[in-house]
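Residue numbering for the sequence shown follows the numbering used here, starting at -11 and increasing by one per position.
Below is one structure; the comments refer to it alone.
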Amino acid sequence: MNKIKKYYIIIPIITAILSLIVLAMTSFNTTIVNKNYSLFTEDLNSNNISTVIIDTSPKMTILLNNGDKYSTDNPHTDTLKEKLLLNGIEVKDETTPPLAKTIPSVILGLSLLTIVAMFAYKAKAGGSSVASMDMQDFSKNKKAALDFHAVAGNEEAKESLMDIVDFLKNPEKYQKYGARMPKGVILYGEPGTGKTLLAKAVAGEAGVPFYALSGSDFVQVYVGVGAARVRNLFKKAKSHGKAVIFIDEIDAIGKARGNGKNGSSNDEKDQTLNALLTEMSGFGQDEGIVVIAATNRLDMLDTALLRPGRFDRHIEVSLPDVNAREKILSLHLKNKPHENLDIKDIAKKTVFFSGAKLESLINESAILAAKDNSNSITSAHIEYAYSITLAGHEKKERSYLKEEDKLLTSYHEAGHGLIGMLLLPQDKVSKITIIPTTKGAGGYTLTIPEDTSYHRIDYLKNKIKVSLGGRAAEEIIFGKDKISTGAHGDISQTTDIALKMITEYGMGETLGLIKLSSVGSLYSSYGNPVIEECKDLVNKLYEETLELLRENRDSLDKIALSLLEKETLYEDELKKIAYNK
Ligand code: ADP
Ligand code: ZN
């Protein structure tokens, strides 16, 4: 776009030159010898003159019968013309300049004006083009012509981001309804899961420029530089109207305050963070600017960043499940020659691989195939690249999980899911997965709790049972001596609810309707009996949970095994498995 504009300036330059040439030629014609007026009267008297050309200039042009030509002073007497005519001399009155002269002059004038205007425009725009060039040292890739087709899997994240795309395309539409669209979006999830890719795709889909900065760019710079960079970035983005501003590794500047030990870098972070917050409150809802930030650790961020009007939309970008892995692998294989690859099988073997790792697996395979001078990538190349990729990444990344552990996680999550569906159908189980989150759980079951202002006692008891469902399933399938630490989080949730029931909600025997924390110094003496009662309650509920799972063993197996295969199950699939006999 800019390049074409650069070439446009040649057009007025050419027309200017051409009109100058034409003008020069016509004036050459008229550069003729000048003679004294007395010589002219001599010629006049001896009838040598054929034509006299009179124009606005102080000179007039004389053509002689023999073809000679000269100019002389125009006396500007009223009688001159009459006298000439009476002498049989032709008089050409050219007081208006000939078209041959006016047209090139007009064109020359217009061309010069255009050139000046174009230079003025370039100087104005050039200011920003220079600045965005120096911005490019730390803005990653400005030519973000990507769209959502470049991102495989991540369907939920893409769906949330479609709103943002629509907003960027038609901010007026939302403004008309008085809707407040998010200024900031945080994408969170493991490294390499496609957060940057998604942000670029948002810009690409909406057809707006993409500006990027990384939080780590600020870590080592002098105080004040980071803040200036932030202001500069926003200024550039605003000068383009609509834009996507991407801030990678936002935790580098947005870590909860008071976490750091080293004072100077903290100052810098604070200044940068403040500049960011100020800039974000500085643009209006309808401007069509969206800031997308990425982090691996949502829980580490300063709450100031997460407040409404700032980064108030949080979208998880999770590790791909087997289905998504298959799509990512296919996407990256698309433009590479390959034969007889069982992509489904590769997807199965690459549990816990991020999109970036899958991409690198395919790339390694392509390099191996090239080294072999092979016609295409074969499964042997993939096998070899797989072992390189695994060796290249630290073990702690849990790149490959033993089948046995996967099975345990599958049963654990199936236990939660099944009990949830049986006992709390109002809390929708929307998703079960054995793919871990950044929070470190082995897998998780996502429920959307019913929205009520209070809970009945049976709800709380069922909630405890759902929480215990994971451990109960482990015990039933693998035996009491094979239970795992996977229930760690569940146990603390269970304890929490049971304790509150007895000590705060007046649902127990030991305290009756008394609230434990209100009894002051007597508090400690109630400790043991309360714990005893709590334990009894949870144990009883655990037995009931075991019982319920045993009764529904068939569904438990089905859910667990299909989790093992698919890694993620959604509400519809779960219902199908659990309720059709
Ligand atoms: P993040 O920002 O989450 O660390 P990136 O977006 O930088 O991850 O991903 C790095 C690379 O990994 C991408 O350029 C792409 O090649 C590949 N990749 C990651 N996720 C996906 C995905 N969902 N679909 C296709 N490619 C992906
Ligand atoms: Zn659990």
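Even for Gly, the Cβ is constructed at its ideal location relative to N, Cα and C.
Values in this document were obtained by computation on a predicted structure and should not be read as measured data.
Closest Cα partner of residue i within the set the options
{"i": "Arg313", "options": "Gly203, Tyr493, Arg295 and Gly182", "result": "Gly182"}
{"i": "Ile465", "options": "Gly272, Leu534 and Leu356", "result": "Leu534"}
{"i": "Gly458", "options": "Tyr447, Ile445, Ala200 and His476", "result": "His476"}
{"i": "Leu286", "options": "Tyr511, Glu178, Asp151 and Leu8", "result": "Glu178"}
{"i": "Gly55", "options": "Glu147, Val40, Ser45 and Asp61", "result": "Val40"}
{"i": "Lys215", "options": "Gly500, Asp360, Pro159 and Ile241", "result": "This sequence places Ala at residue 215; Lys is not what is there. Cα-wise, what sits closest to Ala215 is Ile241."}
{"i": "Arg219", "options": "Ala187, Val232, Thr260 and Gly192", "result": "Thr260"}
{"i": "Val518", "options": "His64, Glu193, Ile502 and Glu531", "result": "Ile502"}
{"i": "Asp154", "options": "Ala194, Lys188, Thr184 and Arg168", "result": "Ala194"}
{"i": "Ile526", "options": "Ala486, Leu536, Val94 and Glu553", "result": "In the sequence on display, residue 526 carries Val and not Ile. Measuring from the Cα of Val526, the nearest candidate turns out to be Ala486."}
{"i": "Ile565", "options": "Ser543, Ser59 and Pro437", "result": "Ser543"}
{"i": "Glu582", "options": "Thr483, Asp43 and Gly474", "result": "Outside the displayed range of the chain (-11 to 569) lies residue 582, so it cannot be described from this structure."}
{"i": "His137", "options": "Ile376, Ala187, Arg168 and Lys157", "result": "Ala187"}
{"i": "Lys80", "options": "Ile479, Met268, Ser26 and Ile42", "result": "Ile42"}
{"i": "Gly172", "options": "Asp300, Glu143 and Ile238", "result": "Asp300"}
{"i": "Ile50", "options": "Thr44, Leu74 and Asn22", "result": "Asn22"}
{"i": "Leu32", "options": "Met48, Pro46 and Leu52", "result": "Leu52"}
Limits of the alpha helix (DSSP H) - the one that residue i falls within
{"i": "Phe222", "result": "Val213 to Ser227"}
{"i": "Met150", "result": "Glu143 to Lys157"}
{"i": "Glu70", "result": "Leu68 to Leu74"}
{"i": "Thr184", "result": "Lys183 to Ala194"}
{"i": "Ile355", "result": "Gly343 to Lys359"}
Where residue i sits in the DSSP three-state scheme
{"i": "Ile452", "result": "helix"}
{"i": "Val94", "result": "helix"}
{"i": "Met489", "result": "helix"}
{"i": "Ser26", "result": "helix"}
{"i": "Tyr432", "result": "strand"}
{"i": "Met495", "result": "coil"}
{"i": "Tyr58", "result": "strand"}
{"i": "Tyr199", "result": "strand"}
{"i": "Lys337", "result": "helix"}
{"i": "Phe271", "result": "coil"}
{"i": "His64", "result": "coil"}
{"i": "Val310", "result": "helix"}
{"i": "Ser127", "result": "Here Ser127 scores only 43 on pLDDT, less than 50, and its place in the model is too uncertain to base an answer on."}
{"i": "Ile502", "result": "coil"}
{"i": "Lys322", "result": "coil"}
{"i": "Tyr567", "result": "helix"}
{"i": "Ile277", "result": "strand"}
{"i": "Gly458", "result": "helix"}
{"i": "Tyr442", "result": "coil"}
{"i": "Ile5", "result": "helix"}
{"i": "Tyr447", "result": "helix"}
{"i": "Tyr165", "result": "coil"}
{"i": "His381", "result": "Unreliable placement is indicated for His381, whose pLDDT of 47 sits below 50; no coordinate value is reported for it."}
{"i": "Gly474", "result": "helix"}
{"i": "Ile20", "result": "coil"}
{"i": "Leu562", "result": "helix"}
{"i": "Ser572", "result": "What the structure shows of the chain is the stretch from -11 to 569, and residue 572 is not part of that stretch, so it cannot be assessed."}
Residues bridged to residue i (per DSSP)
{"i": "Arg301", "result": "Val173"}
{"i": "Lys283", "result": "It is worth fixing the name first, because residue 283 is Thr in this sequence and not Lys. Tyr176, per the DSSP bridge assignment."}
{"i": "Phe136", "result": "None, per the DSSP bridge assignment."}
{"i": "Thr556", "result": "Thr421"}
{"i": "Glu78", "result": "Thr39"}
{"i": "Met288", "result": "Met288 pairs with nothing; no bridge assigned."}
{"i": "Lys243", "result": "Leu289"}
{"i": "Ile365", "result": "His326"}
Where the beta strand (DSSP E) containing residue i begins and where it ends
{"i": "Thr421", "result": "Lys416 to Thr421"}
{"i": "Asp524", "result": "Looking at the DSSP string, Asp524 is not in any beta strand (DSSP E); the run it does join, the alpha helix (DSSP H), is Tyr511 to Glu539."}
{"i": "Tyr399", "result": "Tyr399 -> not in any beta strand (DSSP E); alpha helix (DSSP H) instead, spanning Glu391 to Leu411."}
{"i": "Ile41", "result": "Ile37 to Asp43"}
{"i": "Lys236", "result": "Checking the displayed sequence, the identity of residue 236 turns out to be Asp instead of Lys. Taken as a continuous stretch (DSSP letters only), the beta strand (DSSP E) holding Asp236 covers Ala231 to Asp236."}
{"i": "Leu51", "result": "Lys47 to Leu52"}
Contact between the segment 275 to 292 and the segment 315 to 327: three or more CB pairs below 8 Å? No, they do not touch.
So, do the segment 334 to 351 and the segment 303 to 320 have three or more beta carbon pairs nearer to each other than 8 Å? Contact holds: three or more Cβ-Cβ distances are below 8 Å.
Cβ pair count under 8 Å reaching 3, the segment 405 to 418 against the segment 442 to 455: At 8 Å Cβ cutoff, the stretches touch.
Say whether the segment 395 to 402 touches the segment 547 to 556, bearing in mind that this needs 3 or more beta-carbon pairs closer than 8 Å, one atom from each stretch. Taking a cut-off of 8 Å for Cβ pairs, the segment 395 to 402 and the segment 547 to 556 touch, as three or more such pairs fall below it.
For the pair the segment 159 to 168 and the segment 198 to 207, tell me if three or more CB-CB distances fall below 8 Å. As far as the Cβ criterion goes, the segment 159 to 168 does not touch the segment 198 to 207, which means the pair count is below three.
Between the segment 413 to 423 and the segment 359 to 371, can you find at least three pairs of beta-carbon atoms closer than 8 Å? Proximity of the segment 359 to 371 to the segment 413 to 423 falls short of the contact definition, fewer than three beta-carbon pairs being nearer than 8 Å.
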